[in-house]
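This report refers to the structure that appears directly beneath it.
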Amino acid sequence: MRIAVKSTRTGSRKSEYKGLTYDYMRRFIRIMDRENIVTFDDVIAHYEDFGYESGKLYQCVKDWFLETYPNHKDMIVNATPKAAA
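Residue numbers are given in this note's numbering: position 39 of the sequence shown equals residue 52, and the series is strictly consecutive.
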C-alpha cells in the first residue's frame with residue numbers, strides 16, 4: 014500500500030475587490046461623497062466614448078474608484094453608528 018499526500022487547493026483566488034460592482038460604487042459615492050456622483054458618471058461616459066469593451070471599461074472605472082477612494086471600506090466602518098457601551 015502506498016500513501017500519497019495531496020495538497021488542497023482553494024479553487025480560486027479570493028479577490029479583495031469581490032462585490033465591487035458599479036452599483037456598489039454608485040451607492041457608496043451617493044452616500045459618502047454626494048458631490049462626486051456626477052464625476053463618477055462622467056468617468057463611465059469618458060471610457061465608453063473610447064469604445065472600451067465592458068471588461069476594460071469596468072477595469073478603468075474600478076481603477077478610478079480605488080484611486081479616488083483607496084480606503085472605501087474603512088470609510089464605511091468609520092461612518093457606521095456605534096452602539097452604546
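We put the CB at the ideal spot given by N, CA and C, even for glycine.
Quick check on residue i: does DSSP put it in helix, strand or coil?
i: Thr34; result: coil
i: Met14; result: coil
i: Tyr60; result: helix
i: Asn91; result: helix
i: Glu29; result: coil
i: Asp46; result: coil
i: Ser20; result: coil
i: Glu66; result: coil
i: Tyr82; result: coil
Relative to the C-alpha of residue i, which residue among the options is closest?
i: Ile89; options: Lys19, Ala17 and Tyr37; result: Tyr37
i: Glu80; options: Lys69, Glu48, Phe53 and Ser67; result: Phe53
Which residues in the same chain as residue i place their Cβ atom closer than 7 Å to its Cβ, once the five residues preceding and following it in sequence are excluded?
i: Val56; result: Val74 and Trp77
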